[in-house]
């Protein structure tokens with residue numbers, strides 16, 4: 052119904068009937084919409100043509116923290132999935148709306164200096180919960196991030212932004228890399244996408260160099276099985292998960308060296324630390340990353356060096372080699 056039609060409909064309503072309609076409409080409006088649109092302010096001061104500015108109250112951090120911790124605890128206990136007496140059956144499907152609201156409220160709280168540290172930590176815990184639910188059944192949804200309506204990359208970026216405000220550079224660099232690589236992914240996300248978000252927060256040369264050092268530190272801890280970080284314990288990282296984590300550290304180190312403008316060191320780092328028995332697969336991964344950066348001369352050089360070492364690239368790479376070589380030759384002639 053359009054506004055003009057609404058006005059025509061209610062024109063002859065009695066006062067009592069109009070009051071009932073307004074009350075029922077008010078009850079039907081979600082709390083978040085009332086706050087965002089300033090509905091209460093409009094009711095208190097309904098001056099035609101004058102929109103009363105919404106007064107956004109400072110978030111109650113104690114209340115947000117209690118609700119977030121309760122939600123996380125209930126989720127890990129599968130109270131939003133399995134029959135239980137804690138979360139009523141009719142309330143269980145609403146978990147996605149709770150998670151989305153908490154995401155928004157924690158982001159709001161994170162801009163308040165006095166609440167920033169606690170909000171950042173809770174936002175991180177909420178992110179880890181949704182990551183965990185991508186590998187283990189906590190909710191009825193197949194993809195928790197998709198159900199909440201926030202992509203994993205977007206959520207991760209928000210966590211990094213909140214953490215950067217309250218953590219020292221060394222602490223931020225280490226925890227961000229672990230947070231990116233030690234959690235499960237949904238079906239739309241790549242670890243490289245999360246590492247790219249970390250890279251965007253490495254604003255100084257010192258932070259980028261520190262990121263390379265962190266990759267080396269984490270590799271030693273995981274290889275020795277002697278990390279104090281529970282996320283890197285033997286129970287969490289074993290078998291395929293451990294090998295995949297170490298592979299991603301090699302990719303991360305490559306990215307940090309490239310960010311430092313050190314392509315030679317980047318390739319050397321990757322070739323030294325990437326755990327892959329088949330050298331052709333390792334070459335494919337490396338060339339794909341170089342292609343993403345658009346470094347075509349480096350792509351050809353890396354390909355040629357691999358062939359000289361006896362690596363036999365797949366047909367796809369051989370075709371790509373000819374295409375890239377042709378494009379570069381064409382540019383040279385044009386110049």
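In the working numbering, the protein residues as written are 52 to 386.
We treat Cβ as the ideally placed atom computed from N, Cα and C, and that holds for glycine.
Note that the structure is a prediction, hence the values are computed from the model and not measured.
Same chain, Cβ closer than 7 Å to residue i, neighbours up to 5 away in sequence not counted
i           : result
residue 80  : 90
residue 342 : 350
Neighbourhood of residue i by C-beta, 8 Å cutoff - its chain only, sequence neighbours within 5 removed
i           : result
residue 22  : A question about residue 22 goes unanswered here, because the residues of the chain that appear run from 52 up to 386.
residue 364 : 331, 334, 335, 354, 357, 358, 372
residue 189 : 126, 127, 129, 131, 132, 180, 183, 195
residue 351 : 372, 375, 376, 379
residue 287 : 233, 281
residue 253 : 224, 259, 262, 307, 310
Residue i: first and last residue of the uninterrupted alpha helix (DSSP H) it sits in
i           : result
residue 319 : 314-324
residue 221 : 220-232
residue 60  : 54-61
residue 275 : 256-275
residue 330 : 330-344
residue 299 : 291-310
residue 67  : 66-79
residue 129 : Looking at the DSSP string, residue 129 is not in any alpha helix (DSSP H), and its letter there is neither H nor E.
residue 207 : 203-215
residue 149 : 146-160
residue 355 : 347-359
residue 182 : 167-183
residue 242 : 242-251
residue 197 : 195-199
residue 286 : Here residue 286 belongs to no alpha helix (DSSP H), and DSSP marks it neither H nor E.
Residues of its chain near residue i, where Cβ-Cβ distance is below 6 Å and the 5 sequence neighbours each way are ignored
i           : result
residue 225 : 265
residue 357 : 334
residue 216 : 167
residue 340 : none
Rounded distance between the beta-carbons of residue j and residue i, thought under 8 Å
i           : j           : result
residue 270 : residue 300 : 5 Å
residue 320 : residue 304 : 4 Å
residue 263 : residue 295 : Between residue 295 and residue 263 the Cβ distance is about 20 Å, and since that is not below 8 Å, they are no contact.
residue 240 : residue 203 : 4 Å
residue 185 : residue 153 : That belief does not hold up - the Cβ atoms of residue 185 and residue 153 are roughly 18 Å apart, past 8 Å.
residue 243 : residue 302 : 6 Å
Proximity of residue i and residue j at Cβ, strictly below 7 Å
i           : j           : result
residue 131 : residue 138 : yes
residue 170 : residue 157 : yes
residue 178 : residue 210 : yes
residue 276 : residue 282 : no
residue 378 : residue 311 : no
residue 289 : residue 325 : no
residue 123 : residue 160 : no
residue 208 : residue 272 : no
residue 213 : residue 174 : yes
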